[in-house]
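Peer 1: Numbering (this note's numbering), first residue to last: -14 to 130.
The beta-carbon is built from N, C-alpha and C at its ideal position, and this holds for glycine as well.
Below is a structure I'd like to ask you about.
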């Protein structure tokens, strides 16, 4: 099983629970871990987060898991948007949010991710940002509104 960790991105894809990043006793982590529910076993896919973000918002749309925002290893809020590719070999960058934030919540409706609240490092935010994940949406794909 993986090291104990908190403040990570997590989500369920198929019959697996994926965790990534977060903070362990040895510091901020970039590791991705996969728990297979039917076999009750852990594995470590080859994907690692490009930077060690903690307290990101997480969302799963179809077979894609997103790590949105968070706090970098220096304690600063970030506005990054990363997606775990379908074969779980890498985290790919997508368009950043408008507002840097950590501790935000995320919800999914259809192909859109709604991110609300969080902290920018000094202030609690009341901003909602909406992200389109579906390439079939043409010019709205990979954009925040």
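1) Check for me: the beta strand (DSSP E) holding residue 50 runs from which residue to which?
2) So, for residue 22: in the same chain, excluding its five sequence neighbours on each side, which residues have a beta-carbon less than 8 Å away from its beta-carbon?
3) Quick one: is residue 17 buried, meaning 16 or more other Cβ sit within 10 Å of its Cβ, or exposed?
4) Could you compute how far the alpha carbon of residue 55 sits from the alpha carbon of residue 126?
5) For the candidate residues 4, 47 and 37, whose alpha-carbon lies nearest to that of residue 63?
6) From the DSSP output, in three-state form, read off residue -1 for me.
Peer 2: The short version:
1) Element bounds for residue 50: 49 to 56.
2) Excluding residues within five positions, the ones whose Cβ falls inside 8 Å are 0, 1 and 2.
3) Residue 17 comes out buried.
4) 22 Å
5) 37
6) coil
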